[in-house]
Amino acid sequence: MVFTSLEFLVFFPIVAGIYFLLPSRARWFHLLLASYYFYMAWKPVYALLLLLSTLTFYLAALGVEKFRDRKPWEKLIFFLGIAANLGMLFLFKYYNFFEAQARSLGLGGVDLHLPALDILLPMGISFYTFQGISYLVDVYRRQLAAERHFGLMMLYKAYFPLLVAGPIERGVHFIPQIRRVLLSDNAHKIRFEYDRVVSGLRLMLLGFFKKIVLADNFALIVNPVYASPDEYSGMSALVATVAFAFQIFFDFSAYTDIARGISRILGFEMIENFNRPYFATSITDFWQRWHISLSSWFRDYLYIPLGGNRVPKWRWFLNLWIVFLLCGLWHGASWTFLIWGALHGFYYFMTYMLTPPTRWLVAHTFLSRFPGLCHWALVTITFSLVCWAWVMFRAESLSQALTIWANIAHIPAEMFEYLMLVVTEGVPFAPLKALGLSWLYAPSSKISLMPVYVLVLTVIYLAISFRMHQQDDGPAFALWGAGYRWLSYGFALAGILLLGQFGASTFIYFQF
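Note that numbering that gives the first Met the number 0 gives residue 221 to position 222 of the sequence shown, counting from 1, and the numbers run on in steps of one.
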C-alpha cells in the first residue's frame, strides 16, 4: 500500500475518522493496529521482523537504564542491542553484496563458496533500524528515559506515515508527542480542529501533486535514457540526469509532505526533511538541506562520536570519508551507492579546501561588486556537482554510470559535429536534432508536450519556494487571500487529474 494508491485513499479516512471518535487513551492501540495493517499489506511475515527489532530496542533500553551504576553491564547491553539490529539489517540488506565480493575476490587464494540468500529486502528496514538506534543511543546518553509502555514503543517504531521512508524521527522528539497526544485524559485530548486538519490536507495535496504530476512525469524522461544509454546522445544523458535530480527531490519530498500532513491531522508534528536543497551554495549547505533527518543522524551518532572536526586534519578527512561511505551504503548495497557517497565526501573536502581562497578572490577583485552573481554561480556549481553524483545514484551498474558520464562529456563534440554539418553542407538547422533531443517529442515516446508542462510547473514551484523561504504551507501561505488559496487548490487538483501518472508507482526511497 502506497500513499498514492486507491487503497490508501480509502484506508486513511477510515483510520482518521475512527481515531477522532475514540477516547484519547484508546487511540494509541488503534494507530498501532492501523500501522501494522499498513505494513502487513506489503508482506505480512516481515511484521515479525519489525516486532523483533522493536522488542530488542525496548529491552536493551530498559537494561541500560537498570544497570546505570554497573558500567560494564550497561555497555554490554547497549552494544548487544545495537549489534542485534545491525545484524538483522546486514543479513537482509548487505549479506548478499558482501558474499558476492568475498566470493569474487577470495581470501588467500581460497575460492569461497558462501551461500547466497534468496530473501526480499524488508520495506523500510534502514529507516526503522536507524530510528531505533537513535532511541537507544539517546537513552544511553541519558537524554531520554527508557519507554516502559511496550505498546507506545511499538507505535514509535511502526507509526505508519513514517514507517517505510521516514523522516527518521528521534525518540526525544516523537515519544513525548505520543504520550501527550495519546495518553492525555479526555479533557486534554487532541480534537478535530479545522485549522490543523486543513493545514495537514494542504501538505498532503502538495505531496500528491509533487509525486503524481512532477516526479512520475520526470520518470518518463529519465527511465528510457538510463535503461539504454548507448542509444541516446550526450545532451539526452544530461537532460535525463537533471530530470532525475528533480524526480528524486519531488518524489522523496512528496512522501515527507504526505507523512507530515497525515501526522498533523492526527496531532503530531514531524521534522521537516527538506529545505530548498537545490538553492544550496555549497555541498556543506546542500547536506544541511537534503534529507535532514538522515544527515543530522550521521552527524550526531557517527561523525561527532568519531571526533568530528576537533581532530587532526587527516583524521577529520577520514571521518568524512567514513560518514559518506556509510551514507552511500545506507542507501543500497552496491558499488554505485558507495561511489556516490565517496563523491560527496570528496566534494565536502574540496569545499573545505577551496572556501578560503574563493572568499579571498571575491573580496579582492571586481567580483565583490556582484554578490548576486557570485551567489547564483555557487548555486549553479553546487547543483552541477550534485547532478554529476546523481548519475551513480540512479545507474543500475558501474558500467551504465560510466556510459552516462562519457555521453555527457561528449556533448561539445556532438554540438561541434552537427554545427559543422550546418555550415559546410547546408543541413537545415533543427535545434532539437542538434541537441539530440528529438526523441522527447517522438510519437513512440508517449511524452508529447509533457516535458514542457513539467518544466513550467517546476519553475513555478521553485519560484514560489524561493519566495516563501520554506517548504511548509505555514504562515506565508496562510497570508494569501482565500481566493488565491482556493485557486491554488483547484490548480493542484486539476494538474493531478489532467497531468498525473496513475500507475501506483512506489516512492524511490521505499527500496532503502
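Note that beta-carbon positions come from the ideal geometry of N, C-alpha and C, so glycine has one too.
**Q.** Candidates Y225, E271, A99, N308, of which the one nearest L293 by Cα
**A.** Comparing Cα positions, the closest option is E271.
Q.
I'd like to know if the segment 370-381 and the segment 269-286 are in contact, where contact means that at least 3 CB-CB pairs between them fall below 8 Å.
A. The segment 370-381 vs the segment 269-286: in contact.
**Q.** Rounded distance between the beta-carbons of L202 and R259, thought under 8 Å
**A.** Contact between R259 and L202 holds: their C-beta atoms lie close to 5 Å from each other, under 8 Å.
Q: Entirely within the segment 241-313 and at least 4 residues each: give me those alpha helix (DSSP H) ranges in chain order.
A: With a minimum length of 4 residues, the continuous alpha helix (DSSP H) runs that stay inside the segment 241-313 are 282-286, 291-297.
Q | K42, DSSP secondary structure in three states | A | In this structure, DSSP gives K42 a state outside helix and strand, which the three-state scheme calls coil.
Q: Round the Cβ separation of M0 and A33 to the nearest angstrom and send it over; I've been treating them as touching at under 8 Å.
A: The Cβ separation is near 11 Å, so there is no contact.
Q | Host alpha helix (DSSP H) of M122 (start-end) | A | Under the DSSP assignment, M122 falls outside any alpha helix (DSSP H); it carries neither an H nor an E label.
Q: Please classify P370: does DSSP put it in a helix, a strand, or coil?
A: Residue state, collapsed to three classes: helix.
**Q.** Alpha-carbon spacing of G340 relative to P304, whole angstroms
**A.** C-alpha of G340 to C-alpha of P304: approximately 20 Å in a straight line.
Q) In chain order, which alpha helix (DSSP H) runs of at least 4 residues are fully inside the segment 34-104? A) Runs of the alpha helix (DSSP H) inside the segment 34-104: 45-65, 70-88, 94-104.
**Q.** Cut-off 6 Å between Cβ atoms - residues of its own chain near S464, not counting five sequence neighbours on either side
**A.** Excluding positions up to five away in sequence, the list reads R275.
Q. Could you give the C-beta distance for T240 and I403, rounded to a whole number, given that I count them as a contact under 8 Å?
A. Right, the Cβ-Cβ distance comes to about 7 Å (below 8 Å), so this counts as a contact.
Q) Quick one: complete alpha helix (DSSP H) runs, 4+ long, within the segment 317-402? A) 334-362, 370-393, all fully within the segment 317-402.
Q) If we count the other Cβ atoms within 10 Å of its Cβ and call it buried at 16 or more, is Y347 buried or exposed? A) Under this definition Y347 is a buried residue.
Q. D299 to F336, Cα distance in whole Å?
A. Approximately 22 Å, taken between the alpha carbons.
Q | Assigned secondary structure, T423 (DSSP; H/G/I helix, E/B strand, else coil) | A | Three-state result, T423: helix.
Q. How about the segment 307-320 and the segment 410-417: do they share at least three Cβ pairs that are nearer than 8 Å?
A. No contact exists between the segment 307-320 and the segment 410-417.
Q. Within this structure, are the beta carbons of I189 and S183 separated by less than 9 Å?
A. For I189 and S183, yes; Cβs fall inside 9 Å.
(Q) Do T255 and F273 have their beta-carbon atoms positioned less than 9 Å apart in this structure? (A) The answer is yes: Cβ separation under 9 Å.
Q) Is it true that the CB of A405 sits closer than 9 Å to the CB of Y225? A) No, the pair does not count as a contact, with Cβ atoms beyond the cut-off.
(Q) I'd like to check one pair, F207 with I495: are the Cβ atoms closer than 9 Å? (A) It is a contact, given that the beta carbons lie within the stated cut-off.
Q) Per DSSP, what kind of secondary structure is T3 in: helix, strand or coil? A) Looking at T3 - three-state DSSP - the assignment turns out to be coil, as it is neither helix nor strand.
Q) Based on Cα-Cα distance, which residue from P228, L135, L88 lies nearest to P121? A) Among P228, L135, L88, the Cα nearest to that of P121 belongs to L88.
**Q.** Contacting residues, own chain, Cβ-Cβ under 7 Å from R24 (five flanking each side not counted)
**A.** Sequence-distant Cβ neighbours of R24 in its own chain, meaning closer than 7 Å and more than five residues away, are L182.
Q. Count the other CB atoms within 10 Å of the CB of T423; is the residue buried (16 or more) or exposed (fewer)?
A. Burial call: exposed.
Q) In whole angstroms, what is the alpha-carbon distance linking W359 and G371? A) Rounded to the nearest angstrom, the two C-alpha atoms are 17 Å apart.
Q.
Let's see if you can read the secondary structure: which residues bound the alpha helix (DSSP H) around R178?
A. Element bounds for R178: 170-181.
Q: Would you identify the three-state DSSP class for Q142, choosing helix, strand or coil?
A: If DSSP states are grouped into helix, strand and coil, Q142 belongs with coil.
Q: To the nearest angstrom, report how far apart R26 and A388 are at their CA atoms.
A: Cα-Cα distance, rounded: 44 Å.
Q. Do L47 and V180 have their C-beta atoms closer together than 9 Å?
A. Contact: no.
**Q.** Option in L162, S367, L384 with minimal Cα separation from L237
**A.** For the set L162, S367, L384, the Cα lying nearest the Cα of L237 is the one of L384.
Q. By Cβ distance, which residues of its chain are closer than 7 Å to N216, with the 5 residues on each side in sequence left out?
A. In chain order, M449, V453, L498, Q500 place their CB closer than 7 Å to the CB of N216, counting only its own chain and leaving out the 5 sequence neighbours on each side.
Q. Once you ignore the five residues that flank A513 on each side, which residues in its own chain have a CB closer than 8 Å to its CB?
A. The requested residue 513 is not part of the displayed model; the chain covers only 0 to 511.
Q | C-alpha distance - A60 paired with E146, whole-angstrom precision | A | Near 8 Å, if we compare the C-alpha coordinates of E146 and A60.
Q. If you draw a straight line from the C-alpha of G107 to the C-alpha of F382, how long is it?
A. Confidence is the limiting factor: at G107 the pLDDT is only 49, short of 50, which leaves the residue's position unreliable, though a coordinate-based value still follows. Their Cα atoms are separated by approximately 44 Å.
Q: Quick one: grab the DSSP three-state call for R147.
A: Reduced to three states, the DSSP call for R147 is coil.
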